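Asker: Residue numbers (my numbering): 289 to 544.
(1) Compare the Cα-Cα distances from residue 520 to each of 457, 491, 529 and 474 and report the closest residue.
(2) Could you give the residue range of the alpha helix (DSSP H) that holds residue 459?
(3) Classify residue 495 as buried or exposed, calling it buried when 16 or more other Cβ atoms lie within 10 Å of its own Cβ.
(4) Exposed or buried, which one is residue 383 when buried takes at least 16 other CB atoms within 10 Å?
(5) Count Cβ pairs between the region 436-447 and the region 404-415 that sit closer than 8 Å; are there 3 or more?
(6) In chain order, what residues of the same chain have a beta carbon less than 7 Å from the beta carbon of residue 477, not counting five sequence neighbours either side?
(7) Please go through the same chain and pick out, in chain order, the residues whose beta-carbon is closer than 8 Å to the beta-carbon of residue 391, but skip the five residues on each side of it.
(8) With 16 other CB atoms within 10 Å as the buried threshold, where does residue 393 fall?
(9) My guess is that residue 379 and residue 441 are in contact by the Cβ rule of under 8 Å, so how many angstroms apart are they, rounded?
(10) Using C-beta distances below 7 Å, list every residue in its chain close to residue 480, excluding the 5 sequence neighbours before and after it, in chain order.
(11) Cα-Cα, which of 388, 456, 381 and 335 is closest to residue 364?
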């Protein structure tokens, strides 16, 4: 009888933790992680970015003269060698680190403020992404202009600083920001779609195997990032063409 009347066993180790909207990192950790991730991403994909820039530039000059990736790659390798695929990478290296540090830190701070304690709020994720891209584009746009001008065939610039000095002197500092508004218009929907899709995909993948969530965290982040990036790129590619042509509008060279 005494056992039946006994109160339930008290287990102090069981508690309910408040829901958090981020991975528990400090602000500076977001900046460092974002900077490293962004730099690695851009460096790894730089040859592909060079092909994209050449194709978009020549299409803008002559819409009837469409250049495919295979032809663009063959032309670069034949006329410039493999190093032609990496021309301008120094500008990307200088801009990508600081820009992505701003990007991811602003995103995480805004996500925490906008989510209202609800980690499954796609509107908060999208709005946070827009704020992040507006801040990071202000850092990245000048170096992106330099990068794309160096990527073009027969670029007259000797390097990053030569391009910065000559563009500032011949066209004005404003030329380095000529595409900022278009970049924001392009990147705002890109980031909104990207982060809303990313958070949804990450949540869905985690729910498939909740017992192994910690062990599979890297795989989940990579898979969710791949899906969200592909969806966002498909939505915003037309504006990316406009941005490239604005940044390279002084040139009549592309990829023959």
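Don't be surprised by glycine CBs; every beta carbon is placed ideally from N, CA and C. Note that the structure is a prediction, hence the values are computed from the model and not measured.
Answerer: Per the coordinate set shown:
(1) In the chain shown, residue 520 corresponds to position 232, counting from 1. Out of 457, 491, 529 and 474, 474 has the C-alpha closest to the C-alpha of residue 520.
(2) Here residue 459 corresponds to residue number 171 of the chain shown, with the count starting at 1. Counting along the chain, the unbroken alpha helix (DSSP H) around residue 459 starts and ends at 448-459.
(3) Position 207 of the chain shown holds residue 495. Exposed, since its Cβ has fewer than 16 Cβ neighbours within 10 Å.
(4) Residue 383 sits at position 95 when you count from the first residue of the chain shown. Residue 383 comes out buried.
(5) Taking a contact to require three or more Cβ pairs closer than 8 Å, the region 436-447 and the region 404-415 do not qualify as touching.
(6) As a working note, residue 477 is residue 189 in the chain shown. A distance below 7 Å between beta-carbons, with the five flanking residues on each side excluded, links residue 477 to the following residues of its chain, in chain order: 523 and 524.
(7) Locating residue 391 in the chain shown gives position 103, counting from the first residue. Once the five neighbours on either side are set aside, the close Cβ partners of residue 391 are 322, 326, 420, 421, 423 and 424.
(8) As a position in the chain shown, residue 393 is number 105, starting the count at 1. Flag for residue 393 reads buried.
(9) For the purposes of this step, residue 379 is identified with residue 91 of the chain shown, where counting begins at 1. For the purposes of this step, residue 441 is identified with residue 153 of the chain shown, where counting begins at 1. With 8 Å as the limit, residue 379 and residue 441 do not qualify as a contact, their Cβ atoms being about 17 Å apart.
(10) In the chain shown, the residue the question calls residue 480 occupies position 192. Its chain contains 414, 417 and 418 as the residues whose beta carbon lies nearer than 7 Å to that of residue 480, once the 5 sequence neighbours on both sides are disregarded; these appear in chain order.
(11) Residue 364 sits at position 76 when you count from the first residue of the chain shown. Of the candidates 388, 456, 381 and 335, the one whose C-alpha sits nearest the C-alpha of residue 364 is 335.
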